[in-house]
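In the working numbering, each number is its position in the sequence shown, counted from 1, plus 1072. Beta carbons: idealized from backbone N, C-alpha and C, even for Gly. Note that this is a predicted model, so its numbers are computed, not measured. The structure appears below as structure tokens.
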Amino acid sequence: MELCKFKLSKGSWLALLLACSSFGNLSAQQASSFLTPLPDQLATSKTSRILLNGQWNFKVANTKPVTIQVPGEWEMQGQHVAAGETAVYERSFDMPDDWEGNPVYIRFDGVSSHALVKVNDQVVGEHEGGFVAFQVDLTGKVNKGKNKLTVEVQANTISDILSCVSQYAVHTVGGILRKATLFTVPKVHISDAAVATDFDSKYVHATLKLGGLVQNSSDRQQQVQLRYVLRDANGKTVLEKSSDKIQLGVGSHKQIESLLAVKKPMHWSAETPYLYVLETALIVDGKAIQTNKQKVGFREIEVVKNQLMVNGKPVKLRGVNRHAVHPLNGRAADPAIDRQDVVLFKQANVNYIRTSHYPPSEEFLNAADELGMYVESEAALSWIQHHASPIWRKWDYRDKRFLPVMLGANIDNVLSNRNHPSILFWSLGNESHWSPLWSEVNTRVKALDPTRPTSFHDQTWGGFNNGGSKADIANYHYPGINGPAATDSMKRPTLFGEYAHLSTYNRRELLTDPGIREAYNAPLVTFVDSIYKHSANLGGAIWSGIDDTFHLSDGRIVGYGPWGPIDGWRRPKPEYFGMKKAYSPIRIGTPQWKKGKVVVTIENRYDFLSLDQLKLVAIVDGKEVPFKAAIGPRTSGEVILPIQAEYGSLRIIAMDNQQIEVENELFEKGAKNQEKFSATELQLKQDSAYIYVKQGNVDYTFSRTYGKLLAVRKDGELILTKGPTVALIEANAEDGGKPNVAGETYQNNIVPLKQYEQYTLFADAAEASQTGDSISVRMDLRYQNGTGKQKFVFLNNGLLRVEYEMVYQQGQEMDLYQAGLMLGLPLSYDKLAWSRNGSFSTYPANHIGRNEGEAVLHAAPLYEVEEHGKPQAKDWKDDANILGSNDFRSTKGNIYWASLRSPVATVKVLSNGQQHARAWKQDQQIQWLIADYSNNGSEPFYGSPHSYGRKKLKKGDKLSGQIILKIN
């Protein structure tokens, strides 16, 4: 089959596709185990398939058998199997009487990582490699009635090592991970099938190209043909066609090709996921003996220069990476979760998922086909000649002994998944160094499926991990903000296969201040805007999609940890909404008043949809007003809103044809900070040791010696226990300290940081004075790390203005995270409220970054990284540790005001939308930082623009600012 090595021209591929996939020059494993399509209906049997999921018996060596769930990982179920040991799965099944005499197969959708299959104690097949489907022929080995099925599984075999699956998950990933299906076919049956769609030059009409490989296992020659019926989404017949009749000899197989001309089919894309149903009947001697059904999407993929085209139009990929993961199930498949993931990402304006770093389940792809999600299906190969996998310090990545495993992983990927329209291209492997072995893999995959391009995840420019790959799509991981412009000179479409890494490895900092996650969002919008402007930049996949955490049965929590905009329990985190905003296919400008009309500029970033295909609504002061916008894909235009010019609040919402809200912008008139003030009596007293200020019914006590505000009381009740005092919060990139080679340091005993104000040694000077409308207290201060000044100005309208400056005097530089003034309050001040100028005009009600909100302390006695075995609360914002809830303890950036309230009083900070507030429980009091400087955190993977604004404090640097307090 030398033809399998050639790139096939458009329209000539079908015969070779079946030949290559079924009987071509493959490894012995793949040549004998192509996937027979599961029949939906048989003339000879009441049922065609039996699902073998559920309870199996399980044992290791000579241990006593226990029951275990399939699909499932054994280690997630409390079973340990060491490398080199064999786990034995057993169960019985009853073969239906009407299957007797017909071929019988078993199909496993994924066993990690080596499987030896026996039926009735006879070896019937084996397979190397997890996360891909394989089938075993049981014909002649099964009996009518009860049979014993045994699967001997080893993990940590060569396919696991080359894919780093267990290393990556920080535990052995072993077991029957996906569904197992027993099925039968007639003696004359369809043993392989391929489907492709080919549009004309104008992408109006299409040809449905069908290939069926028919096998005759009977004892006589048979006359056969295939009959096709194509139905639309409503069940209406679009066309019917039968192939020519052919004679099929005993023990032979023949390929039957058919071309179905389809006039003006609906196109499939992520924006328009229209699916037809193709029914294929095998006719033998004039009777239908087997009927198969599958869904078909009409779409065509081409690479034209440095752009990827779908149905003749360039596409822009707005993506995430997705691991198949659940805290309790590990890597085992769950159809409900697979579908839920597609739904969640679709609702976040994601149109592309890279299945890092192994192929997805059939159920995931079914959801992607139906709901509209582009998929990059990645073969289970990772870090071959990469520092993250240390075995390559010993092994030679060019050694041809690895080629069969590399080929097998990619061929299984294609054979398992090729009939899904959602798959845009095949990924050969992850973050590996190109070699002649990869060249051979690329050639085989392109011959096996000439309808799709290939990608390879290396670095397509620069010196690191750039081996000069020849895949159709170039890749670059973790570019900075200049990356999109760098793609302009590329000859291939360039994908950022991993970019905009979420904050992950600064683990203690994240536990201390979850507000870092909200700070991720605005830079992401900047990044995505740049990607959109550069045509050769195909798009990118955020790293990553879902938290990679495993709650092992012994109480440990392992994995890479919280790097997804969705957590393992499928709760949206703060970055989820930021991703939704960045990836929105619609940009809505600020409404303008033009010629007596309210006009808004709208940009349409869809690749296929016009905005008049969406539902657009303006909500004016609570009244809903629908409107239309005939703005085509990838264009902008002005829209006159059918509303009056005078309004207080205008919200514009865009809903797609799946009723998903793709954009929501709020425009409000009026000031954000409208405080009422009243005349307040001021009184100053002082002696040689203390300064006393009375502002209405609030008393302040200062120490002249130490330059501190010692106490604040309202009607005798303690309000402030300390401060406001200068605080320099050092950046902290601690990852937990667990031994690792690639950052897999997530573990139970990661705890938050304690953070304090600057240690004040004494005051060099302290003065107080009173004028007609204010009292001023001035301090010259000596800190442990420098010198500074503070000025307290008490106004007769009830406000207190605190000004500060500090000169840093330490010889050692400090990486700064936040700087400002810190206050201490009693624990009774456990209710936080705020109004702020957020990155977005509107937020979900359960988002920690919402522009207005209230949060309650709700500190929990949790001294581990997260609660084991269950989500702590319904919403992520309500999870809590010893510092307080995520909502309470997170930085609220760009505040107009913020307050802490107790049953006695409210302490309020008034600001200008440029300061940042953070409160938390520490040392049995509430710490409250009002920061004039704050950045996006210390994540080491951050590049520009997420790393913008970082500050390194040097000797002699001066910090200054002020806060305005009001105590009610």
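Separation of D1807 and G1633 (C-alpha to C-alpha, rounded to the nearest whole angstrom) is 10 Å. When the alpha-carbon of D1209 is set against those of S1184, E1162 and V1257, the nearest one is in V1257. Residue state for G1587 is assigned as helix, using DSSP reduced to three classes. Across the set L1496, P1698 and C1236, the C-alpha of L1496 shows the shortest separation from the C-alpha of G1391. V1334 has A1278 as its beta-bridge partners, per DSSP. A Cβ-Cβ distance of about 48 Å is found for the pair S1117 and P1386, leaving them out of contact under the 8 Å criterion. Sequence-distant Cβ neighbours of V1356 in its own chain, meaning closer than 8 Å and more than five residues away, are P1258, V1260, Q1294, Q1295 and V1296. C-alpha of P1462 to C-alpha of I1456: approximately 10 Å in a straight line. Note that the region 1126-1141 touches the region 1159-1171; at least 3 beta-carbon pairs, one per stretch, sit closer than 8 Å. Within the same chain, and ignoring the five residues on either side of T1793 in sequence, the residues whose Cβ sits closer than 8 Å to its Cβ are A1783, G1896, L1897, P1898 and Q1997. Pairwise C-beta distances place the region 1650-1666 in contact with the region 1730-1737, as three or more of them are shorter than 8 Å. Beta-bridge pairing by DSSP links S1708 to E1675.
Between the region 1826-1833 and the region 1795-1809, the count of Cβ pairs shorter than 8 Å is three or higher; the stretches touch. The region 1752-1763 and the region 1962-1981 do not touch, with fewer than three beta-carbon pairs separated by less than 8 Å. Closest in alpha carbon position to A1396, among R2022, D1170 and E1435, is E1435. Every unbroken stretch of the alpha helix (DSSP H) spanning 4 or more residues and falling wholly within the region 1455-1539 is given here in chain order: 1475-1489 and 1508-1520. The residue from Q1362, N1364 and I1425 with its alpha-carbon nearest to that of K1388 is I1425. Assigned with DSSP and collapsed to three states, I1614 falls in strand. Pairing Y1346 with Q1731, the inter-Cα distance amounts to about 16 Å. Sequence-distant partners of Q1819 (beyond 5 residues in either direction) whose C-beta falls short of 8 Å from its own C-beta, in its chain, are R1628, I1629, V1630, G1808, K1810 and V1937. L1298 is the residue among V1276, L1298 and V1237 whose C-alpha sits nearest the C-alpha of D1264. As DSSP reads the structure, P1698 sits in a beta bridge with V1689. If you draw a straight line from the Cα of M1886 to the Cα of D1626, it comes to about 40 Å. With contacts defined as CB atoms closer than 8 Å, L1107 and L1487 qualify as a contacting pair.
For the 8 Å CB-CB criterion, V1849 and I2035 do not form a contact. With respect to R1677, Y1604 sits close: the two C-beta atoms are nearer than 8 Å. Secondary structure note for V1414: its alpha helix (DSSP H) is the uninterrupted segment P1407 to Q1419. In the structure shown, E1435 falls within a helical segment according to DSSP collapsed to helix, strand and coil. The straight-line gap separating the alpha-carbon atoms of W1533 and V1195 is approximately 49 Å. D1193 counts as exposed, since fewer than 16 other C-beta atoms from the protein chains shown sit within 10 angstroms of its C-beta.
R1908 is the residue among E1351, R1908 and P1595 whose C-alpha sits nearest the C-alpha of R1990. Relative to the Cα of Y1901, the nearest Cα in the group A1439, V1600, W1992 and K1748 belongs to W1992.
Here the region 2007-2024 lies against the region 1538-1553, with 3 or more beta-carbon pairs under 8 Å apart.
From the listed residues D1951, N1547 and S1499, the smallest Cα separation to H1940 is found for D1951. For L1982, the enclosing beta strand (DSSP E) begins and ends at T1978 to Q1994. Under DSSP, W2000 takes part in a beta bridge, and its partners are L1895 and A1991.
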